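Take the sequence shown: its letter number 107 is residue 143 in the numbering used here, and every next letter is one higher. Remarks on the structure that follows.
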Amino acid sequence: MPSKNRLPLDFLTGLEDGDYGRVLKAIAPKTLATIDLEGLRTAIEHLDGANVSKDRWEFLAYKRPTGMPMREAYNHLVYLSQRCGWTGVEAAEATLRLKCLHLSDDPRVLETMLGLPSTSTSADMVNAGTIAESLRLTSGVITGFSLG
Numbered sequence: 037m038p039s040k041n042r043l044p045l046d047f048l049t050g051l052e053d054g055d056y057g058r059v060l061k062a063i064a065p066k067t068l069a070t071i072d073l074e075g076l077r078t079a080i081e082h083l084d085g086a087n088v089s090k091d092r093w094e095f096l097a098y099k100r101p102t103g104m105p106m107r108e109a110y111n112h113l114v115y116l117s118q119r120c121g122w123t124g125v126e127a128a129e130a131t132l133r134l135k136c137l138h139l140s141d142d143p144r145v146l147e148t149m150l151g152l153p154s155t156s157t158s159a160d161m162v163n164a165g166t167i168a169e170s171l172r173l174t175s176g177v178i179t180g181f182s183l184g
């Protein structure tokens with residue numbers, strides 16, 4: 037669907053694959069002499085924006101697969117957030133913190149992650165969550181163990 041701004045080449049993005057050649061043969065001779073390079077650059081940036089939107093949607097929809105370690109899921113989230121085009125560390129970090137809360141559905145792990153100081157980073161949340169998850173998984177298995 038073309039944008040409201042009617043950016044150059046918007047109409048091409050809505051065509052079926054087989055129609056590109058036919059349309060370009062029809063318009064290329066007429067437009068090459070009068071092509072607006074700034075408009076073309078804007079159109080390409082607009083298409084890049086579509087990739088950023090796709091990456092942000094993938095980030096939003098990401099769910100930790102069953103059995104995947106929390107650290108591995110977090111590393112994948114960091115990778116996805118870097119592709120999202122957020123400006124500033126604060127925006128990406130705040131989004132990662134929110135997303136970290138979806139890495140576990142165990143209330144005790146979430147309570148541990150939410151109980152951290154407000155200055156904690158998403159990496160701190162994952163560290164605390166990983167420890168809480170490990171303790172939950174090993175509770176009842178190790179008996180009579182003492183740290184001191």
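Each residue gets a CB set at the ideal place from its N, CA and C atoms; glycine is no exception. These figures come from a predicted structure and were not determined experimentally.
- Taken in chain order, the whole alpha helix (DSSP H) runs of length 4 or more contained in the stretch 137 to 180 are 143 to 150, 158 to 174.
- R107: member of the alpha helix (DSSP H) spanning 106 to 119, first to last residue.
- Rounded to whole angstroms, T157 and M149 show a C-alpha spacing of 10 Å.
- The beta carbons of L116 and D91 sit about 7 Å from each other, so the pair counts as a contact at 8 Å.
- Nearest neighbour of E94 by Cα position, chosen from G103, T102, H112, P105, turns out to be H112.
- When the alpha-carbon of K135 is set against those of R119, A168, A109, the nearest one is in A109.
- Around the beta carbon of S140, 16 or more other beta carbons lie within 10 angstroms, which makes this residue buried.
- When the five nearest sequence neighbours on each side are left out, the beta carbons in the same chain lying within less than 7 Å of the beta carbon of L152 are those of D160, M161, A164, in order along the chain.
- Taking the CA atoms as reference points, A128 sits about 9 Å from C120.
- Counting only the Cα atoms, Y98 lies some 20 Å from E169.
- Assigned with DSSP and collapsed to three states, T131 falls in helix.
- A residue is called buried when at least 16 other Cβ atoms come within 10 angstroms of its Cβ; M106 meets this threshold and is buried.
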